[in-house]
Amino acid sequence: MTTIDWNDFAKVELRVGKVVRAEPFPQARKPAYILHVDFGAEVGLRKSSAQITDLYTPQELVGRLVVAVVNFAPKQIGPIRSECLVTGFHDANGHVALCVPDREVPLGTRLA
1 MTTIDWNDFA KVELRVGKVV RAEPFPQARK PAYILHVDFG AEVGLRKSSA QITDLYTPQE
61 LVGRLVVAVV NFAPKQIGPI RSECLVTGFH DANGHVALCV PDREVPLGTR LA
């Protein structure tokens, strides 16, 4: 494992957002959804391609809080421009479980 110092960690903007829309992404190489995530007034609405189809349906995702990196450069993924990276963990079967706060927090709150 590579160690980092506080300055390295401080560069990563991990913020809380709320999924306001989730839709299938049939053009993706691996099964994925297009998520539209609201990060509040400071960051705004961002899109992300998320390979989380094994554990979630689009309907389950709407209204859910997520943690995402919001300061990566946008990345073109097929026909969409991914503007953030929604975080998660692989379970024992290799499926991605979302990283989420366990309490309501204001949209756009940065990980402390």
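So for the sequence shown, UniProt numbering puts the first residue at 1; every next one is plus one. Note that CB positions come from ideal geometry on N, CA and C, so glycine has one too.
Mind checking Ile34: buried by the 16 CB within 10 Å criterion, or exposed?
buried
Buried or exposed by the 16-neighbour rule on C-beta atoms within 10 Å, applied to Arg15:
buried
Under 8 Å between the Cβ atoms of Lys30 and Ile80?
no
Can you find at least 3 beta carbon pairs, one from the stretch 48-61 and one from the stretch 91-101, that sit closer than 8 Å?
yes
Give the DSSP bridge partners of Tyr33, in chain order.
Pro24 and Ala50.
Using only the alpha-carbon positions, how far apart do Glu83 and Val43 sit?
11 Å
Limits of the alpha helix (DSSP H) - the one that Leu61 falls within:
Pro58 to Leu61
Leu85 and Val66 - do their beta-carbons sit closer together than 8 Å?
no
Phe39 to Glu13, Cα distance in whole Å?
12 Å
Taking the alpha-carbon positions, what's the Asp8 to Thr2 distance?
12 Å
Near Asp91, what residues of its chain come up, given a Cβ to Cβ distance below 6 Å and the 5 sequence neighbours on each side ignored?
Ala97
How far does the alpha helix (DSSP H) with Val43 in it extend, from its first residue to its last?
Gly40 to Val43
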